[in-house]
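Residue numbering for the sequence shown follows numbering that gives the first Met the number 0, beginning at 0 and increasing consecutively.
By construction, the Cβ of each residue, glycine as well, lies at the ideal position given by its N, Cα and C atoms.
All figures in this text were calculated on a predicted structure; none of them were measured in a lab.
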Amino acid sequence: MTTLAAKPAGTQGDSSACNIHHKTKNKDAATAAAAVMYPEVDGERANLFFRANSQSQRFYRGRAIDCENESTFFLSQRKLLKAGAQDATSTYESAPEYSQSLRAYVNIKPLVHLHSPGLSQARQQGATMKDKPHPRIVMVTGATSGIGRAVARRFASASDRVIAVGRDSSALDEVAADIVRDGGECSTIRCDVTNDADVDKAFENVIGETSRLDVLVNAAGHISTGSIENTSLAAWDAMMNVNLRAVFHLMQLASPLLIKSKGNVVNISSVTGLRSFPGVLAYCVSKAGLDQLTRCAALELAPKGVRVNAVNPGVVVTEIHKRGGMSAEDYMAFLEHSKTTHPLGRVGDPGEIAELVFYLASENAGWITGATYQIDGGRALTCAR
């Protein structure tokens with residue numbers, strides 16, 4: 000399992016694994032740096048805090064509070080460095096080298112979150128989760144694209160440690176790059192969720208490196224066309240293997256860890272699990288089965304403190320239909336047609352699904368289990384067309 004964290008400028012190398020440890024040297028100089036970045040904020044009112052995990056103090060941020068406008072600014076490591084406090088704020092005592100494809104992390108994006116009365120309560124609450132003392136360990140399958148990728152980034156934005164699972168190593172590197180550039184932490188596991196040995200090994204890695212799991216998001220998915228008359232047994236098996244069997248296997252292996260952490264599972268289902276649609280028979284059945292798996296597992300695991308829920312999106316702009324054989328031209332026509340089949344008049348965005356997943360996995364949803372949440376622009380309210 001490859002672990003990535005925010006990288007300082009100039010670090011290079013060839014190893015695929017990286018764990019950067021930080022230590023703070025001079026709190027007063029950091030306070031001064033915060034005052035330089037925001038001169039309207041009195042340095043004496045700057046509140047500096049430090050986040051530590053089980054291995055080390057791994058990332059530093061200064062927080063300055065402006066009492067007049069009730070806004071909170073989170074200053075990123077890069078902003079403090081740009082303020083001229085490189086020697087004062089941190090040194091990197093251990094920086095194992097990065098793989099060749101991950102050497103571009105010299106321009107880490109500032110982690111600047113603005114909290115103000117004008118922001119929605121939900122948005123503020125999501126941002127303030129940066130202050131959690133113990134970030135969650137979140138495993139996301141299908142994390143290399145579409146909904147899975149958006150989900151991985153959403154959890155990472157809340158300072159949760161993401162374990163991104165996917166089949167494509169280069170795509171996993173790209174996901175890790177996005178997360179690290181935004182100041183997050185990401186481990187990657189190359190894994191085919193339909194390969195039992197791969198999945199077993201993935202959980203061995205998780206147990207060996209983190210010894211715990213707080214959230215499992217099953218976002219890996221497969222789609223293909225076919226009716227009762229022309230769907231082959233091979234196509235049927237391929238659909239069930241990805242969309243149902245693999246999820247069962249992952250949930251089964253994750254259960255002991257989730258019971259220990261009182262964690263939860265969020266499965267990515269579909270509106271096709273709730274309604275019947277022509278031409279995608281196996282897909283509809285696989286998602287209906289996933290919904291029932293969600294409910295049954297929720298009932299069985301509830302006494303042990305584990306919640307299990309699913310989200311059921313309508314048409315969302317991802318690559319799944321193209322991977323299922325739809326041409327780019329046909330896909331654009333499909334998206335245009337979908338505007339007429341969804342009462343809200345548009346298709347969905349992966350980020351919208353990620354927000355619901357994040358909510359269901361949070362303590363705010365602590366009394367929700369066994370639910371299948373429609374997030375489909377009203378699609379399930381209409382007839383198949």
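Supposed contact pair residue j and residue i - C-beta distance, whole angstroms, cut 8 Å
{"i": "PRO342", "j": "LEU298", "result": "Going by Cβ atoms, the distance from PRO342 to LEU298 rounds to 32 Å, so no, they are not a contact pair."}
{"i": "ILE267", "j": "ILE146", "result": "6 Å"}
{"i": "LEU243", "j": "SER285", "result": "5 Å"}
{"i": "ALA360", "j": "VAL214", "result": "5 Å"}
{"i": "GLY313", "j": "GLY347", "result": "6 Å"}
{"i": "SER226", "j": "LEU280", "result": "6 Å"}
{"i": "PRO349", "j": "ALA149", "result": "4 Å"}
Alpha-carbon spacing of residue i relative to residue j, whole angstroms
{"i": "LYS398", "j": "GLY141", "result": "Given that the chain is displayed from residue 0 to residue 384, the structure contains no residue 398 and the question cannot be resolved."}
{"i": "THR368", "j": "VAL356", "result": "13 Å"}
{"i": "SER260", "j": "GLU351", "result": "27 Å"}
{"i": "PRO255", "j": "ARG211", "result": "9 Å"}
{"i": "ASN385", "j": "VAL310", "result": "Missing from the structure shown is residue 385; the chain here goes from 0 to 384 and no further."}
{"i": "ILE136", "j": "THR209", "result": "8 Å"}
{"i": "GLN291", "j": "ALA353", "result": "22 Å"}
{"i": "LYS303", "j": "ILE258", "result": "6 Å"}
{"i": "HIS133", "j": "ASP159", "result": "8 Å"}
{"i": "ALA370", "j": "ALA296", "result": "11 Å"}
{"i": "ALA327", "j": "LEU252", "result": "37 Å"}
{"i": "SER231", "j": "ALA237", "result": "10 Å"}
{"i": "GLU399", "j": "ARG180", "result": "Outside the shown range of the chain, which is 0 to 384, sits residue 399, and nothing can be said about it."}
{"i": "ILE206", "j": "LEU249", "result": "14 Å"}
{"i": "ALA364", "j": "VAL307", "result": "11 Å"}
{"i": "ALA151", "j": "VAL139", "result": "6 Å"}
{"i": "GLY183", "j": "ASN217", "result": "21 Å"}
{"i": "LEU113", "j": "ILE178", "result": "Here LEU113 scores only 26 on pLDDT, less than 50, and its place in the model should not be relied on; the value that follows carries that caveat. Each residue's alpha carbon lies about 19 Å from the other."}
{"i": "ASP197", "j": "GLU203", "result": "10 Å"}
{"i": "SER275", "j": "VAL305", "result": "30 Å"}
{"i": "GLU335", "j": "ARG378", "result": "14 Å"}
{"i": "ALA155", "j": "THR339", "result": "35 Å"}
{"i": "CYS382", "j": "MET0", "result": "45 Å"}
{"i": "THR271", "j": "ALA287", "result": "7 Å"}
{"i": "GLU228", "j": "GLY278", "result": "10 Å"}
{"i": "ALA157", "j": "ALA219", "result": "22 Å"}
{"i": "VAL161", "j": "TRP366", "result": "24 Å"}
{"i": "PHE333", "j": "CYS283", "result": "18 Å"}
{"i": "ARG345", "j": "ARG294", "result": "29 Å"}
{"i": "TRP235", "j": "THR224", "result": "10 Å"}
{"i": "ALA301", "j": "VAL315", "result": "31 Å"}
{"i": "ASP375", "j": "SER337", "result": "11 Å"}
{"i": "GLN373", "j": "ASP195", "result": "31 Å"}
{"i": "GLU362", "j": "ASP329", "result": "41 Å"}
{"i": "CYS185", "j": "LEU289", "result": "27 Å"}
{"i": "ARG166", "j": "ASP199", "result": "15 Å"}
{"i": "ALA233", "j": "MET331", "result": "28 Å"}
Residue range of the unbroken beta strand (DSSP E) whose run includes residue i
{"i": "ILE162", "result": "160-165"}
{"i": "LEU212", "result": "That residue, LEU212, is in no beta strand (DSSP E); it is neither H nor E in DSSP."}
{"i": "MET393", "result": "Because the chain spans 0 through 384 in this model, residue 393 falls outside it and cannot be assessed."}
{"i": "THR140", "result": "136-140"}
{"i": "SER223", "result": "No beta strand (DSSP E) holds SER223; DSSP gives it neither H nor E."}
{"i": "THR187", "result": "184-189"}
Cβ neighbours of residue i in the same chain (closer than 7 Å, five flanking residues each side left out)
{"i": "ASP130", "result": "With a pLDDT of only 46 at ASP130, under 50, the local geometry of the prediction cannot be trusted, and the value read off the model is given with reservation. Hits under 7 Å: none found."}
{"i": "ALA201", "result": "VAL164, ILE188, CYS190"}
{"i": "SER318", "result": "Per the sequence shown, residue 318 should be read as Glu rather than Ser. Closer than 7 Å at Cβ, skipping near neighbours: SER144, GLY145."}
{"i": "PHE247", "result": "LEU292"}
{"i": "SER168", "result": "ARG189"}
Limits of the alpha helix (DSSP H) - the one that residue i falls within
{"i": "SER168", "result": "168-180"}
{"i": "SER156", "result": "145-156"}
6 Å Cβ shell around residue i - same chain, five flanking residues per side excluded
{"i": "MET239", "result": "SER285"}
{"i": "ARG153", "result": "ALA353, PHE357"}
{"i": "ALA245", "result": "VAL192, THR193"}
{"i": "VAL385", "result": "Only positions 0 to 384 of the chain appear in the structure, and residue 385 is not among them; the question remains open."}
{"i": "MET325", "result": "none"}
Cβ shell of residue i (< 8 Å), same chain only, five flanking positions each side left out
{"i": "LYS170", "result": "Here residue 170 turns out to be Ala, not Lys, going by the sequence shown. Correct list, in chain order: THR143, SER144."}
Handout entry: Any beta strand (DSSP E) of 3 or more consecutive residues that is wholly inside the region 243-303
Key = The DSSP assignment places complete beta strand (DSSP E) segments of no fewer than 3 residues inside the region 243-303 at 263-267, in order along the chain.
Problem - Completely contained alpha helix (DSSP H) runs for the region 306-373, where each covers 4 or more residues - result: Correct list: 319-322, 327-340, 349-359.
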